[in-house]
Amino acid sequence: MNSTDQNILSCLLASLNQGEKPWLVTVVATIGSSPRPVGSLVAFRANGSQVGSVSGGCVEEDLIARLLAGEFSGPQVCLTDYGVSAEDNEKWGLPCGGRLELAIQQLDKKDREWVRDAHHAMSTRHTLSRSVSLESGETRLSPAEEFAPLEKSNDTLTHCFGPRHRLLLVGAGQLAANLSTLALAMDYEVLLADSREWALDQWQGPEVEKILGLPDDVVREHAADEHCAVITLSHDPRVDDMALMEALDSACWYVGALGSLRTTEKRLQRLSQLGLSDDALGRLHAPVGLSIGSKTTMEIAVSIMAQLTQLRRESKDLSDSPQSAELGTR
Numbered sequence: 007m008n009s010t011d012q013n014i015l016s017c018l019l020a021s022l023n024q025g026e027k028p029w030l031v032t033v034v035a036t037i038g039s040s041p042r043p044v045g046s047l048v049a050f051r052a053n054g055s056q057v058g059s060v061s062g063g064c065v066e067e068d069l070i071a072r073l074l075a076g077e078f079s080g081p082q083v084c085l086t087d088y089g090v091s092a093e094d095n096e097k098w099g100l101p102c103g104g105r106l107e108l109a110i111q112q113l114d115k116k117d118r119e120w121v122r123d124a125h126h127a128m129s130t131r132h133t134l135s136r137s138v139s140l141e142s143g144e145t146r147l148s149p150a151e152e153f154a155p156l157e158k159s160n161d162t163l164t165h166c167f168g169p170r171h172r173l174l175l176v177g178a179g180q181l182a183a184n185l186s187t188l189a190l191a192m193d194y195e196v197l198l199a200d201s202r203e204w205a206l207d208q209w210q211g212p213e214v215e216k217i218l219g220l221p222d223d224v225v226r227e228h229a230a231d232e233h234c235a236v237i238t239l240s241h242d243p244r245v246d247d248m249a250l251m252e253a254l255d256s257a258c259w260y261v262g263a264l265g266s267l268r269t270t271e272k273r274l275q276r277l278s279q280l281g282l283s284d285d286a287l288g289r290l291h292a293p294v295g296l297s298i299g300s301k302t303t304m305e306i307a308v309s310i311m312a313q314l315t316q317l318r319r320e321s322k323d324l325s326d327s328p329q330s331a332e333l334g335t336r
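Going from the sequence shown to the working numbering is simple: count from 1 and add 6.
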């Protein structure tokens with residue numbers, strides 16, 4: 007299952023292959039509350055279809071009408087604002103005080119190569135930086151060591167395409183099903199690992215990639231980069247410990263384990279005896295999830311996804327803050 011950005015690039019590529027001139031719209035700045043964060047994308051085709059979103063829907067309806075009317079045609083990247091007044095907020099369904107600045111770029115055949123390359127990079131879990139001249143619309147791609155927040159200067163827009171955040175769940179069951187449902191809705195790529203073939207055959211959760219194999223092998227092969235999170239849910243220390251040993255010694259950004267405080271203490275002792283350093287053990291989120299008094303499997307799933315969201319947002323807040331500054335119309 008592809009990420010939203012991959013689907014957007016697929017839409018653009020299909021349109022360009024048919025000789026069309028689609029539009030790519032990017033959220034470049036926000037003030038106050040916003041339905042979609044800076045860097046969000048939406049693609050529009052000449053038939054009125056779209057992939058992606060920048061709001062709850064009202065902005066997109068107005069945008070497509072303006073696009074089809076020829077307001078944003080030509081190579082120049084156009085900037086436009088929504089939510090400049092209270093009346094605008096009500097009209098466009100934006101949160102109170104919310105304001106968006108959008109960059110609108112019409113693509114043509116000369117853009118096909120970079121769209122194709124960006125799509126390939128995301129498919130192979132590589133990160134590329136997209137640099138766009140606001141004056142000419144010329145787009146260049148370059149390798150990026152890490153995903154960087156969007157930046158806009160007077161003449162250039164820089165935005166990264168990178169791998170989708172991947173969530174590897176070790177142990178099939180009801181909690182994994184609930185977690186998968188929430189994670190997919192939040193645009194994670196979800197992988198489910200289990201060494202029991204019957205457990206995968208009886209999976210009743212949403213459609214995810216199911217992997218039969220030993221947990222440490224699965225982590226090593228599928229969840230060892232900085233865009234991956236690993237959570238063990240099997241309740242079997244032999245299984246969970248194998249996965250955690252591999253995950254805590256990898257580059258994945260989040261490692262969590264289900265279990266009580268008592269279970270966690272025993273797990274940490276075992277992992278320490280198996281040779282993991284204090285630094286590695288300090289990376290483990292256990293008991294996994296925020297402490298919100300959750301009891302049911304769905305409540306536990308909510309607490310886990312809330313913790314993932316909290317940690318991701320904390321890492322982005324400082325770097326994203328300049329995008330909530332000045333808004334201008336071009």
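Every residue, glycine too, gets a C-beta built ideally from N, C-alpha and C.
Compute the beta-carbon to beta-carbon distance between residue i and residue j, rounded to the nearest angstrom, for a pair I have assumed lies under 8 Å.
i	j	result
alanine 249	valine 176	5 Å
leucine 22	arginine 118	5 Å
leucine 147	aspartate 161	Rounded, the Cβ-Cβ distance is 18 Å, inconsistent with contact.
glycine 265	alanine 292	6 Å
aspartate 11	methionine 128	6 Å
By the 10 Å Cβ neighbour count, where 16 or more other Cβ atoms means buried, how is residue i classified, buried or exposed?
i	result
serine 327	The predicted model places serine 327 with a pLDDT of 39, which falls under 50 and marks its position as unreliable, so this point remains unresolved.
glutamine 211	Note on identity: in this sequence residue 211 is glycine, with glutamine being the wrong assignment. Answer is buried; the Cβ neighbour count reaches 16.
alanine 71	exposed
threonine 315	exposed
arginine 51	buried
threonine 36	buried
histidine 126	exposed
proline 28	buried
alanine 75	exposed
isoleucine 298	exposed
alanine 124	buried
alanine 331	With a pLDDT of only 37 at alanine 331, under 50, the local geometry of the prediction cannot be trusted, and the value read off the model is given with reservation. By the 10 Å Cβ count, alanine 331 comes out exposed.
alanine 257	exposed
glycine 281	exposed
serine 321	exposed
leucine 5	Outside the shown range of the chain (7 to 336) lies residue 5, about which nothing can therefore be said.
tryptophan 120	buried
serine 55	exposed
glycine 45	buried
serine 283	exposed
Whose C-beta lies closer than 7 Å to the C-beta of residue i among residues of the same chain, with five residues either side of it excluded?
i	result
arginine 122	Leu19
leucine 274	Leu287
alanine 182	Leu175, Leu198, Gly211 and Leu239
serine 325	For serine 325, the pLDDT reaches just 42, beneath the cut-off of 50, and the residue's location in the model is therefore unreliable, although a value from the coordinates is still provided. Around serine 325: Pro155.
alanine 189	Leu173, Val196 and Met311
I'd like the list of long-range same chain contacts for residue i, defined as Cβ closer than 8 Å, with 5 residues on each side in sequence excluded.
i	result
aspartate 164	It should be noted that the sequence gives threonine, not aspartate, for residue 164. Closer than 8 Å at the Cβ level, and outside the excluded window around threonine 164, lie Ser135, Arg136, Ser137, Val138, Ala154, Leu156, Glu157 and Lys158.
asparagine 13	Val57 and Gly58
What do you reckon, are the CB atoms on residue i and residue j nearer than 7 Å?
i	j	result
glutamate 152	arginine 172	no
leucine 108	valine 31	yes
valine 245	leucine 254	no
leucine 290	alanine 312	no
alanine 199	threonine 238	no
glycine 168	threonine 133	yes
glycine 143	proline 81	yes
leucine 218	leucine 197	no
valine 65	glutamine 111	no
aspartate 222	glutamate 252	yes
glycine 38	leucine 47	no
arginine 226	aspartate 247	no
alanine 367	cysteine 166	Absent from the structure is residue 367, since the part of the chain shown begins at 7 and ends at 336.
valine 60	valine 34	no
What does a CB cutoff of less than 6 Å around residue i pick up in its chain, not counting 5 residues either side in sequence?
i	result
asparagine 184	Thr303, Met304 and Ala307
tryptophan 259	Glu232
threonine 3	Outside the shown range of the chain, which is 7 to 336, sits residue 3, and nothing can be said about it.
lysine 216	Leu198 and Leu206
histidine 241	none
glutamine 180	Thr303
Please list the segments of the beta strand (DSSP E) lying wholly inside the stretch 188-236, counting only runs of 3 or more residues, in order along the chain.
195-200 and 215-218
In chain order, which continuous runs of the beta strand (DSSP E) of length 3 or greater are located wholly inside the stretch 16-101?
Secondary structure in the stretch 16-101: the beta strand (DSSP E) runs of 3 residues or longer, each lying completely within the stretch, are 29-37, 47-50, 56-58 and 84-88 in chain order.
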